[in-house]
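See structure below.
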Amino acid sequence: MKKTGLFILLACTISACSSHNETYQSTFKHTTECQAQLIDISKGNFKLDDIAKERLSFDFQAKDNNEEIIQINIAEKQPNATRSAGRIKVNKARNEIFNSTFDDMNMIPIKLGSHPSFIKDCF
């Protein structure tokens with residue numbers, strides 16, 4: 131009887147855990163215009179003016195349907211070597227974008243400059 135109860139408890143635990151493992155896909159539109167806006171916003175907010183745009187790359191990770199993290203990377207001179215230049219947190223539901231390089235508690239609002247509709251247009 132104890133083994134049956136333990137088996138049922140284990141089955142319920144496994145099914146409860148597996149239902150929370152949803153995978154989300156980034157909704158960033160990889161168009162030339164959106165890429166150019168992201169580069170412009172990144173250069174203006176992360177002091178990357180001396181970095182050629184060809185050396186910048188971005189990794190996108192959707193946390194859920196409303197929030198995405200964009201990792202800014204700079205290509206080094208060695209082949210296949212990159213270093214992180216910062217992290218952007220996008221809240222699509224609130225139409226907010228922050229520099230979250232150091233942590234999620236002390237995020238710095240990002241200035242969109244000449245791209246005020248970046249979130250709406252590119253996500």
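Just add 130 to the spot in the sequence shown (first one is 1) and you have our numbering. Every residue, glycine too, gets a C-beta built ideally from N, C-alpha and C.
| Check | Outcome |
| --- | --- |
| Run of the beta strand (DSSP E) containing residue 162, from where it starts to where it stops | From DSSP, residue 162 is part of no beta strand (DSSP E) but of the alpha helix (DSSP H) over 162-175. |
| Proximity of residue 219 and residue 228 at Cβ, strictly below 7 Å | yes |
| Buried versus exposed call for residue 232 [16 or more other C-beta atoms within 10 Å across all chains shown] | exposed |
| Rounded separation between residue 159 and residue 165 - CA only | 8 Å |
| Meets three-Cβ-pair contact criterion under 8 Å: the stretch 162-177 and the stretch 203-210 | no |
| Whole-angstrom C-beta distance between residue 230 and residue 213, which should lie under 8 Å | At roughly 17 Å, the Cβ-Cβ gap does not stay under 8 Å, so residue 213 and residue 230 are not in contact. |
| Same chain, Cβ closer than 7 Å to residue 155, neighbours up to 5 away in sequence not counted | 192 |
| Residues near residue 224 in its chain [Cβ-Cβ closer than 6 Å; skip 5 each side] | none |
| Enclosing alpha helix (DSSP H) for residue 250 [first to last residue] | 248-252 |
| Buried/exposed call for residue 182, threshold 16 Cβ in 10 Å | exposed |
| Span separating the alpha-carbon of residue 254 from that of residue 188 | Given a span of 131 to 253 for the chain in the structure shown, any question on residue 254 remains unanswerable. |
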